[in-house]
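Data block below; observations after.
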Amino acid sequence: MATEPIDMEIAGTCVSEFGSAIGMPQLCGEWFGNQIFWLVVALVAIYFILSRVALPRIGSVLAERQGTITNDIAAAEDLKVKATEAEAQYDKALIDARAEAHRIITDAKADIQADLDQAIAVADADIAAKAAESEKAIAEIREGAKKNVEEVAKDTAQAIIAALGGSADATTVSAAVDARMKG
Amino acid sequence: MAAEAHGEEAGGLVFHPMDQFIVEPFFGDGAVSWYTITNATVWMALAVLAVFALLVLGTSKRSVVPGRMQSVAELAYGFIYKMVEDICGKEGVKYFPYIMTLFMFIVFANFLGLLPMAFTPTSHIAVTALMAFAVFFGVTILGFVKNGASFLSLFWVSSAPLPLRPILALIEIISYFVRPVSHSIRLAGNMMAGHAVIKVFAGFAAIAAIAPLSIVAITAMYGLEILVSFIQAYVFTILTCVYLKDALHPHH
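For the record, the sequence lines run as chains A and B.
Counting along the first sequence from 1, when you hit position 153 you're at 153 in my numbering, and nothing is skipped either side.
Counting along the second sequence from 1, when you hit position 154 you're at 337 in my numbering, and nothing is skipped either side.
Have a look at this one:
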């Protein structure tokens, strides 16, 4: 700035003839007017830039952002509520399905049990009938066997008497055998 | 900057740390009158352009999901908006554009001033004093318009014991009138001091043995200055908010 020789015009009470400051340049009254004038111009310019353009714009951008954020949060809240509802519905459906399945199983079990009981009863009856029949058959066979034993005993007794040289009439022998068999 | 031009006068080591603050015409030479386009004008204009680029061009897409520039613009907006709202309450939000104007100008003037060969408008007391007095008068007038004579209760500490109150009132009044002075000198002083110190270290770099140390020191100071640039803009803004709060709610 001061590399070339200084005009004596500038060199006044504040600047020496070599171009360096005399004292503090801040206190040089000659320059106050200039600085104050241009400062006022600069501040007024900044004030108008800010108040007319910059601040309303930034304010609106911030407000818009705040609005967007608020809306998004509300939307998210909505979706969350919906999701919760859907989950509740799903849970309910699941519980219903479980109950239904349980009911079906119980019914099926009851049916099966009834069928089973019936089948068992029929089988029992069958078995009982068959057992009775068999009992009867056994009784008959036993009766038959007894009679046969009687006859064999009577025949044998007559044969033995005959062999011993005695004679016995059939009635006496059978009565004796009967009495002995009862005894 | 001017140091190289006349190094002969002090035999090598020359310190002109204040030369960077000289206001001079940007186009050609001549006297500096109030309307001359000077280096101060140019760097203020660059700050205005930077504000425009960040807050207007950066947000031109108005995207709901912001890009990098828009994020920074929104961050700045949110930062100052929250500060105004927290300190001044809901009624203070009306004055948010004014406070935002001050913050954006100071922060960009500070940061642009850190570029090599740059001029820092905020290192000049004329600039910071104008802003501080604008805040001071604005806030004082606002206080009287909003609260009438009861604005004066700001100086009457009703929670203190009665005998102490006149003394406290005197202290409060003095501190009230000192506000614009401290408000402006704090910013200008910080900016000026940092830049001057960097320049002094740069002057030492002419000695080869010290040059590496000097460069390390410049780097460290530069980092500190980046911090200071933001913090001073923040401090100026938050104090403005505090003063505005006093005007809106003067009762302790």
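Even for Gly, the Cβ is constructed at its ideal location relative to N, Cα and C.
Inter-segment contact for the stretch 218-229 of chain B and the stretch 29-46 of chain A is present: three or more beta-carbon pairs are separated by less than 8 Å. The secondary-structure analysis by DSSP pairs V15/A across a beta bridge with A21/A. If you look at M287/B, you'll find it in the alpha helix (DSSP H) that goes 279-296. Judged by DSSP in its simplified three-state form, P363/B adopts helix. At least 7 Å separates the CB of Y90/A from every CB of chain B. Contact between Y47/A and P280/B holds: their C-beta atoms lie close to 7 Å from each other, under 8 Å. Here P299/B carries a coil assignment [DSSP, helix/strand/coil].
Within chain A, V15, A21, P25 have C-beta atoms less than 7 Å from the C-beta of I205/B, given in sequence order. For P433/B, the three-state secondary structure derived from DSSP is coil.
A direct Cα-to-Cα measurement between V53/A and I356/B gives close to 39 Å.
Residue-level contact check: I324/B does not touch chain A, since none of the beta carbons of chain A fall below 7 Å from its beta carbon. Rounded to whole angstroms, A121/A and E151/A show a C-alpha spacing of 44 Å. For the stretch 64-75 of chain A, the set of residues with a beta-carbon nearer than 8 Å to any beta-carbon of chain B comprises E64, R65, T68, in chain order. According to the DSSP assignment, K130/A belongs to the alpha helix (DSSP H) that extends over 55-163. Between the alpha carbons of N293/B and S365/B lies a distance of about 18 Å. Within chain A, the residues R57, V61 have their CB atoms less than 7 Å from the CB of R245/B, given in chain order. If you compare the alpha carbons of G331/B, I381/B, Y417/B, P433/B with that of F288/B, the shortest gap goes to Y417/B. Contact with chain B is found for F32/A, since one of that chain's Cβ atoms lies less than 7 Å from the residue's Cβ.
Nearest CB-CB separation between F235/B and chain A: below the 7 Å threshold. If you draw a 10 Å sphere on the C-beta of W31/A, you find 16 or more other C-beta atoms in it, and that means buried. Residue burial is scored here from C-beta neighbours: K382/B has at least 16 other C-beta atoms within 10 angstroms and is therefore classed as buried.
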